[in-house]
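Novice: Input: one structure, supplied below.
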Amino acid sequence: MANRFKEYLCNLFKRTEHDVVEKTPFYIYKKRTALDYVALFLGIAISLLVIFNLVKITGVGNLFDSGDHIGTVKIYGMVSKDDDVNVYSITKSLEEAFKDPNSKAVVLKINSGGGSPYHSETIYNEIMYLKSKYPEKKLYAVVEDVAASAAYYIASSADEIILSRSSIIGSIGVLMSNYDIRGLADKVGVKDRTLHAGRNKIAYSMFHDVTPEQEAHVNAVLKDLHSHFIQAVKDGRGKRLKDDPDLFTGDYWTGTKAIELGIADRFGDMNTLKRELKIDKVRDYTVTKGSFSEIFSMSASTAGKAFANGVVDSVNEESEMRFR
Numbered sequence: 019m020a021n022r023f024k025e026y027l028c029n030l031f032k033r034t035e036h037d038v039v040e041k042t043p044f045y046i047y048k049k050r051t052a053l054d055y056v057a058l059f060l061g062i063a064i065s066l067l068v069i070f071n072l073v074k075i076t077g078v079g080n081l082f083d084s085g086d087h088i089g090t091v092k093i094y095g096m097v098s099k100d101d102d103v104n105v106y107s108i109t110k111s112l113e114e115a116f117k118d119p120n121s122k123a124v125v126l127k128i129n130s131g132g133g134s135p136y137h138s139e140t141i142y143n144e145i146m147y148l149k150s151k152y153p154e155k156k157l158y159a160v161v162e163d164v165a166a167s168a169a170y171y172i173a174s175s176a177d178e179i180i181l182s183r184s185s186i187i188g189s190i191g192v193l194m195s196n197y198d199i200r201g202l203a204d205k206v207g208v209k210d211r212t213l214h215a216g217r218n219k220i221a222y223s224m225f226h227d228v229t230p231e232q233e234a235h236v237n238a239v240l241k242d243l244h245s246h247f248i249q250a251v252k253d254g255r256g257k258r259l260k261d262d263p264d265l266f267t268g269d270y271w272t273g274t275k276a277i278e279l280g281i282a283d284r285f286g287d288m289n290t291l292k293r294e295l296k297i298d299k300v301r302d303y304t305v306t307k308g309s310f311s312e313i314f315s316m317s318a319s320t321a322g323k324a325f326a327n328g329v330v331d332s333v334n335e336e337s338e339m340r341f342r
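Structural data, given as structure tokens:
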């Protein structure tokens, strides 16, 4: 095997094993294998990662900041552990934006139709903590196309909610999707053989009826989640909320009606804020999946665990309650 490999290398570089070749720089370059270049590339990459993290940890990067700016964190897309708007990414982004002495205000840029009760509640709580820790720094929520349900849950933590006349906002409610597919299953010849212990364990299966008692239980759980949502909005908005019977029914409104109801404050956008605050520079602190900050802060074990969880989640999909 060794001889065959040696013969292969000789043929590759047009040499015989008896040739005597002057070891010029060009010769050394030609004798390098692909593995040499891979190792060189990895060495450079690792060095850059180390330098990046040292700058990040020590805060030396702030020395190169050009001055005052508005810090932004994007709430774009579904609020979910599988998407960019999740507890880890958003709380990390907000912490960086609030603690930077050069950020004179923090803005939540929102364009989301809703999502997870857990993630929205936890992000809301973190915002309340950061606002108390940095009372001198004001938090704005700037709504683009939509801030509904879980996204509005998060937005209600802001000192001011700014939107356009055509923005869609609200939907303060909870929903749990479920389907009865027995008719379809009968047509294609599919039978359910799920085994269970506990009479309510498969109560919400797509192959079984839901009893009145089971339906009442689910409604009680949804009502409890809804009450948490309502209280958070009341705590965040305070006396600005109008006493309207439709406010917490799950309805949504355009910007004009939202201001009338007190679930938003005024019309505007990022340009409006920049003029008001007299700050032109905007810095995006958003950590997203695949961003450098996210990748570099993950250990190998964390990355492996995330991959494994992704595989499991793709195989086992269950009904989820969502703010929508």
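To convert, take the position in the sequence shown, counting from 1, and add 18; that gives this note's numbering. Using N, Cα and C, we set each Cβ at its ideal position, and we do this for glycine too.
1. Just to check my reading of the structure: ALA169 and PRO135 have Cβ atoms closer than 8 Å, yes? What is that Cβ distance to the nearest angstrom?
2. What's the gap between the Cα of ARG258 and the Cα of TYR197?
3. Please go through the region 243-293 and give each complete alpha helix (DSSP H) segment of 4 or more residues, from N-terminal end onward.
4. Who are the near neighbours of GLY188 in its chain, counting only those whose CB is closer than 7 Å to its CB and skipping five residues on each side?
5. What are the partner residues of THR90, as DSSP defines its beta bridges?
6. Would you mind reading off the limits of the alpha helix (DSSP H) that contains GLU114?
7. Let me confirm a value: HIS214 is counted as buried when at least 16 other C-beta atoms fall within 10 Å, else exposed. Which label applies?
8. For TYR158, report the span of its beta strand (DSSP E) as first-last.
9. Taking a contact to mean a Cβ-Cβ separation below 9 Å, would you say LEU157 touches ALA176 in this structure?
10. Please list, in chain order, all residues of the same chain as VAL105 whose beta carbon is under 7 Å from its beta carbon, the five residues on each side excluded.
11. Can you look up LEU193 in the DSSP assignment and give me helix, strand or coil?
12. Assuming GLY89 contacts VAL124 (C-beta within less than 8 Å), just tell me the rounded distance between them.
13. Relative to the C-alpha of GLY132, which candidate in ILE186, SER107 and ILE180 has its C-alpha closest?
14. Could you give the first and the last residue of the continuous beta strand (DSSP E) run that contains LEU181?
15. Taking the C-alpha atoms as reference points, what is the distance between SER195 and ALA234?
16. Among LEU148, ASP101, VAL228 and GLY216, whose alpha-carbon lies nearest the alpha-carbon of ARG200?
17. Quick one: grab the DSSP three-state call for SER138.
18. Within the continuous alpha helix (DSSP H) that includes GLY201, where are the two ends?
19. Helix or strand or just coil, what does DSSP make of SER150?
20. Could you check where the beta strand (DSSP E) with GLY346 kicks off and where it finishes?
21. In the DSSP assignment, what are the bridge partners of GLY95?
22. Measure the C-alpha to C-alpha separation of SER107 and THR304 and round it to an integer number of angstroms.
23. What does the alpha-carbon distance come out to for the pair ASP283 and ILE179?
24. So, under 8 Å CB-CB, PHE285 and LEU148 are touching, yes? Tell me the CB distance rounded to an integer number of Å.
25. For GLY133, name the three-state secondary structure that DSSP assigns.
26. Quick one: is VAL208 buried, meaning 16 or more other Cβ sit within 10 Å of its Cβ, or exposed?
27. Within the present structure, is the beta-carbon of LYS110 separated from the nearest heavy atom of the ligand NAP by less than 8 Å?
28. Mind checking whether PHE225 and ILE190 have CB atoms under 9 Å apart?
29. Distance, Cα to Cα, LEU60 vs VAL251?
30. Only counting the same chain, and skipping five residues up and downstream in sequence, which positions put a Cβ closer than 6 Å to that of GLU162?
Specialist: A quick look at the data gives this:
1. Here residue 169 refers to the residue found at position 151 of the sequence shown. Here residue 135 refers to the residue found at position 117 of the sequence shown. With a Cβ gap of about 12 Å, ALA169 and PRO135 do not count as contacting.
2. Working through the sequence shown from its first residue, we reach residue 258 at position 240. Working through the sequence shown from its first residue, we reach residue 197 at position 179. Rounded to the nearest angstrom, the two C-alpha atoms are 39 Å apart.
3. Fully enclosed alpha helix (DSSP H) runs of 4 or longer: 273-279.
4. Numbered from its first residue, the sequence shown carries residue 188 at position 170. Once the five neighbours on either side are set aside, the close Cβ partners of GLY188 are ALA166, TYR170, ASP269, TYR270, TRP271, ALA276 and ILE281.
5. As a working mapping, residue 90 is identified with position 72 in the sequence shown. In DSSP, THR90 forms a bridge with VAL125 and ASP302.
6. Taking the sequence shown and counting its residues from 1, the one referred to as residue 114 is at position 96. Here the alpha helix (DSSP H) through GLU114 covers 105-117.
7. Counted from its first residue, the sequence shown places residue 214 at position 196. With fewer than 16 other Cβ atoms within 10 Å, it is exposed.
8. The residue given as residue 158 occupies position 140 in the sequence shown. Taken as a continuous stretch (DSSP letters only), the beta strand (DSSP E) holding TYR158 covers 156-166.
9. The residue given as residue 157 occupies position 139 in the sequence shown. The residue given as residue 176 occupies position 158 in the sequence shown. In contact: LEU157 and ALA176 (Cβ atoms closer than 9 Å).
10. Along the sequence shown, one-based indexing puts residue 105 at 87. Same-chain partners within the cutoff: HIS137, THR140 and ILE141.
11. Position 175 of the sequence shown, counting from 1, holds the residue named residue 193. The answer is strand: DSSP assigns LEU193 an E or B state.
12. Position 71 of the sequence shown holds residue 89. Position 106 of the sequence shown holds residue 124. Confirmed, about 5 Å.
13. Here residue 132 refers to the residue found at position 114 of the sequence shown. Looking at the Cα atoms, ILE186 is the closest of the given residues.
14. Your numbering for residue 181 matches position 163 in the sequence shown. Start and end: 178-181.
15. Here residue 195 refers to the residue found at position 177 when the sequence shown is read from its first residue. Here residue 234 refers to the residue found at position 216 when the sequence shown is read from its first residue. Computed Cα separation, rounded: 15 Å.
16. In the sequence shown, residue 200 corresponds to position 182, counting from 1. Minimum Cα distance to ARG200 is reached at VAL228.
17. The residue given as residue 138 occupies position 120 in the sequence shown. Three-state result, SER138: helix.
18. Within the sequence shown, residue 201 is the residue found at index 183, counting from 1. Unbroken alpha helix (DSSP H) run through GLY201: 200-206.
19. Here residue 150 is taken as the residue at index 132 of the sequence shown, counted from 1. In the structure shown, SER150 sits in a helix (DSSP, three-state: H, G or I).
20. Residue numbering for the chain in the displayed model covers 19 to 342; residue 346 lies beyond these limits and cannot be assessed.
21. One-based indexing of the sequence shown puts residue 95 at position 77. Its beta-bridge partners do not exist; DSSP assigns none.
22. Within the sequence shown, the letter at position 89 stands for residue 107. Within the sequence shown, the letter at position 286 stands for residue 304. Near 7 Å, if we compare the C-alpha coordinates of THR304 and SER107.
23. Within the sequence shown, the letter at position 265 stands for residue 283. Within the sequence shown, the letter at position 161 stands for residue 179. Approximately 5 Å between the Cα atoms of the pair.
24. As a first step, residue 285 is located in the sequence shown; it is residue number 267 there, counting from the start. As a first step, residue 148 is located in the sequence shown; it is residue number 130 there, counting from the start. Between PHE285 and LEU148 the beta-carbon gap is near 26 Å, outside 8 Å, which marks them as no contact.
25. Counted from its first residue, the sequence shown places residue 133 at position 115. Correct three-state label for GLY133: strand.
26. Reading the sequence shown from its first residue, position 190 is the one you call residue 208. The residue is exposed, with fewer than 16 neighbouring Cβ atoms inside 10 Å.
27. Although the ligand NAP was asked about, the structure shown includes no ligands whatsoever.
28. The residue you call residue 225 lines up with position 207 of the sequence shown. The residue you call residue 190 lines up with position 172 of the sequence shown. The answer is no: Cβ separation not under 9 Å.
29. Here residue 60 refers to the residue found at position 42 when the sequence shown is read from its first residue. Here residue 251 refers to the residue found at position 233 when the sequence shown is read from its first residue. LEU60 and VAL251: Cα-Cα distance of roughly 49 Å.
30. In the sequence shown, residue 162 corresponds to position 144, counting from 1. Within the same chain, GLU162 has close Cβ partners ASN129.
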